[in-house]
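Below you'll find the structure, written out as structure tokens, and then a few comments.
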Amino acid sequence: HALMWWLRVEEPQRTGRLARMTMSLMWELLVSLLILCNSLFMAAMVEHSIVAQTSPDTEANDADMMFAVEAGFLAMFAFELALRLFVHRLYFFVAEGAGWNNFDLLILLLSISDLVSQRYSLPQSGNATFVRCVRVVRLVRSLRVVRIVKHANALRRMLLSLMGSLIPLLWCLILLWSVFYLFSLATVQGVANYLMTSTGDDPVWRADLLDRFGTVSQTMLTYYKATCGGTGWGVHFEVVRRTGLMNATVYLGAVAFTQIAVLNIMTGVFVENAFKNAQPDRHTMALAQRRAFIKEANELHQILKSVDTDGTGNISEAEFIRLSMDPRLNGILEVMGLDIKDAHLLHSMLRKADGSEEVNMDFLVHSLIKMKGPAMSVDLQALAYKTDLLHERIEAMTVSRQKRRGGQAPKPARSRE
6 HALMWWLRVE EPQRTGRLAR MTMSLMWELL VSLLILCNSL FMAAMVEHSI VAQTSPDTEA
66 NDADMMFAVE AGFLAMFAFE LALRLFVHRL YFFVAEGAGW NNFDLLILLL SISDLVSQRY
126 SLPQSGNATF VRCVRVVRLV RSLRVVRIVK HANALRRMLL SLMGSLIPLL WCLILLWSVF
186 YLFSLATVQG VANYLMTSTG DDPVWRADLL DRFGTVSQTM LTYYKATCGG TGWGVHFEVV
246 RRTGLMNATV YLGAVAFTQI AVLNIMTGVF VENAFKNAQP DRHTMALAQR RAFIKEANEL
306 HQILKSVDTD GTGNISEAEF IRLSMDPRLN GILEVMGLDI KDAHLLHSML RKADGSEEVN
366 MDFLVHSLIK MKGPAMSVDL QALAYKTDLL HERIEAMTVS RQKRRGGQAP KPARSRE
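So the sequence shown is numbered by our numbering: it starts at 6 and just counts up by one.
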């Protein structure tokens with residue numbers, strides 16, 4: 006029953022100044038600015054905790070002030086969240102942005118628990134586990150700055166690309182580990198064979214060799230440093246080449262194979278995955294299409310107003326023919342994929358659809374925008390439906406006429422599906 010009640014939560018009517026304020030762009034900018042200020046303050050708190058370890062007097066003097074500022078930020082965040090809860094009601098938890106809303110609520114609750122523990126529990130607690138838990142809570146609080154990402158499309162796409170690359174990163178690390186492991190086995194075996202047959206080596210060089218290639222794990226770390234920018238590969242090569250041509254060849258082959266083949270393939274996988282994740286989501290695409298529609302409609306309105314000499318808001322046939330020769334309109338229509346071949350015929354069609362002698366300006370703009378682009382599936386279905394209706398009316402008229410003449414009505418043909 007609780008689940009069914011939750012699923013039946015309806016969107017409330019958001020009216021009034023409070024609703025307009027909380028859903029306005031200016032309000033979102035103010036909240037984002039508050040989050041940035043809070044993030045800077047958290048950085049100052051972390052630095053203050055370091056200074057307090059060397060100067061106890063500083064901690065005693067500034068502790069109350071830091072607590073008051075932190076409580077002020079928390080009160081402002083709680084007030085902002087309470088306003089949104091009041092406007093959206095229970096729909097706050099199931100709306101389109103419910104993920105961000107629940108995230109804000111979680112951060113607020115963690116911030117309150119951190120503030121309470123900081124004021125009452127932490128100074129008197131010597132429990133190391135408790136202290137670590139509080140530190141984790143404070144670290145999670147810093148994630149509030151992630152909320153700004155939803156207002157920056159470019160930054161959000163970058164973050165989504167990074168998050169989408171976590172799984173490929175795991176597989177790339179496994180691939181690197183496998184490559185380093187196989188080459189390390191061969192290298193360590195070769196070094197072991199050399200050490201069993203060699204005598205009179207320099208003790209310093211021998212210790213350096215064992216430090217770099219003495220075990221499989223050390224050799225894997227050496228390969229990682231040599232191929233991923235930790236140290237130059239030549240430094241390790243000067244050490245291993247004295248153990249024989251075979252070991253030097255294996256080392257050079259491992260470095261070349263990793264840098265030329267493995268790392269380039271991994272880069273390609275990351276780029277491809279980042280490109281897929283950087284594609285705009287449905288909300289962004291719908292918003293972009295809406296903005297393009299408004300821009301085109303405004304441009305068409307400005308041109309139509311320039312030819313509407315009588316100021317009636319309607320376009321006559323003469324005005325439309327004169328308008329069809331306007332290079333500004335032709336340029337916009339070419340971008341939209343429209344080319345007016347017969348202005349008289351087009352005006353007649355629009356006038357018939359509008360049901361008046363002159364075409365309304367808003368109706369003309371809407372019709373021109375609707376005509377752009379290829380016919381969609383819904384347009385073809387609408388055309389087929391209207392054709393079926395017309396076919397049924399013709400059959401009904403034929404049957405009615407045959408009955409009036411006293412003849413036998415023809416058998417109705419099957420309507421096409």
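Cβ atoms here follow ideal geometry from the backbone N, Cα and C, with glycine treated the same way.
DSSP three-state assignment for residue i, whether helix, strand or coil
{"i": "Leu-23", "result": "helix"}
{"i": "Gln-264", "result": "helix"}
{"i": "Gly-237", "result": "coil"}
{"i": "Ser-118", "result": "helix"}
{"i": "Ser-183", "result": "helix"}
{"i": "Pro-332", "result": "helix"}
{"i": "Gln-18", "result": "coil"}
{"i": "Thr-272", "result": "helix"}
{"i": "Ser-170", "result": "coil"}
{"i": "Gln-386", "result": "helix"}
{"i": "Met-28", "result": "coil"}
{"i": "Gln-284", "result": "coil"}
{"i": "Ser-311", "result": "helix"}
{"i": "Thr-204", "result": "coil"}
{"i": "Gly-195", "result": "helix"}
{"i": "Ser-405", "result": "helix"}
{"i": "Gly-249", "result": "coil"}
{"i": "Ser-130", "result": "With a pLDDT of 47 at Ser-130, under the threshold of 50, the modelled position of this residue cannot be trusted, and the question is left open."}
{"i": "Arg-410", "result": "helix"}
{"i": "Leu-39", "result": "helix"}
Residue j beta carbon less than 8 Å from that of residue i
{"i": "Leu-369", "j": "Leu-309", "result": "yes"}
{"i": "Lys-92", "j": "Leu-23", "result": "The question names Lys, but residue 92 in the sequence shown is Val. A contact, by the Cβ cut-off of 8 Å."}
{"i": "Leu-373", "j": "Leu-305", "result": "yes"}
{"i": "Asn-278", "j": "Pro-173", "result": "yes"}
{"i": "Leu-169", "j": "Asn-282", "result": "Before going further, note that residue 169 is Gly rather than Leu in the sequence given. A contact, by the Cβ cut-off of 8 Å."}
{"i": "Thr-227", "j": "His-241", "result": "yes"}
{"i": "Ser-116", "j": "Leu-79", "result": "yes"}
{"i": "Leu-214", "j": "Val-260", "result": "no"}
{"i": "Thr-27", "j": "Arg-94", "result": "no"}
{"i": "Tyr-199", "j": "Thr-236", "result": "no"}
{"i": "Val-221", "j": "Leu-257", "result": "no"}
{"i": "Leu-120", "j": "Glu-75", "result": "yes"}
Host alpha helix (DSSP H) of residue i (start-end)
{"i": "Val-221", "result": "221-232"}
{"i": "Ser-329", "result": "322-329"}
{"i": "Phe-97", "result": "Phe-97 -> no alpha helix (DSSP H), and no H or E assigned at all."}
{"i": "Arg-124", "result": "No alpha helix (DSSP H) holds Arg-124; DSSP gives it neither H nor E."}
{"i": "Arg-211", "result": "208-218"}
Identity of the residues DSSP links to residue i by a beta bridge
{"i": "Val-364", "result": "Ile-320"}
Member of the options whose CA lies at the smallest distance from the CA of residue i
{"i": "Val-255", "options": "Leu-160, Thr-192, Asn-43 and Glu-362", "result": "Thr-192"}
{"i": "Val-51", "options": "Val-36, Arg-19 and Phe-72", "result": "Phe-72"}
{"i": "Trp-424", "options": "Val-196, Ser-166, Ala-197 and Met-225", "result": "Nothing about residue 424 can be read from this structure; the chain reaches only from 6 to 422."}
{"i": "Glu-362", "options": "Ser-405, Ala-323, Asn-303 and Leu-328", "result": "Ala-323"}
{"i": "Ala-266", "options": "Val-184, Leu-328 and Arg-211", "result": "Val-184"}
{"i": "Cys-177", "options": "Pro-17, Val-404, Asn-269 and Ala-197", "result": "Asn-269"}
{"i": "Asn-252", "options": "Asp-331, Thr-392, Phe-188 and Ile-112", "result": "Phe-188"}
{"i": "Arg-246", "options": "Gly-195, Val-274 and Lys-375", "result": "Gly-195"}
{"i": "Asp-67", "options": "Thr-248, Ala-83, Asp-206 and Ala-49", "result": "Ala-49"}
{"i": "Cys-42", "options": "Gly-360, Phe-82, Thr-27 and Val-56", "result": "Phe-82"}
{"i": "Ser-311", "options": "Ser-329, Val-121 and Leu-175", "result": "Ser-329"}
{"i": "Met-366", "options": "Leu-250, Asp-393, Phe-325 and Gln-264", "result": "Phe-325"}
{"i": "Arg-162", "options": "Met-290, Leu-250, Ser-122 and Thr-317", "result": "Met-290"}
{"i": "Ser-4", "options": "Leu-394, Asp-109 and His-53", "result": "Residue numbering for the chain in the displayed model covers 6 to 422; residue 4 lies beyond these limits and cannot be assessed."}
{"i": "Met-271", "options": "Leu-395, Lys-230, Met-376 and Leu-180", "result": "Leu-180"}
{"i": "Gln-18", "options": "Ile-112, Ser-405, Tyr-96 and Ala-358", "result": "Tyr-96"}
{"i": "Asn-107", "options": "Ala-87, Phe-46 and Gln-294", "result": "Ala-87"}
{"i": "Phe-298", "options": "Thr-403, Leu-164, Met-376 and Arg-406", "result": "Met-376"}
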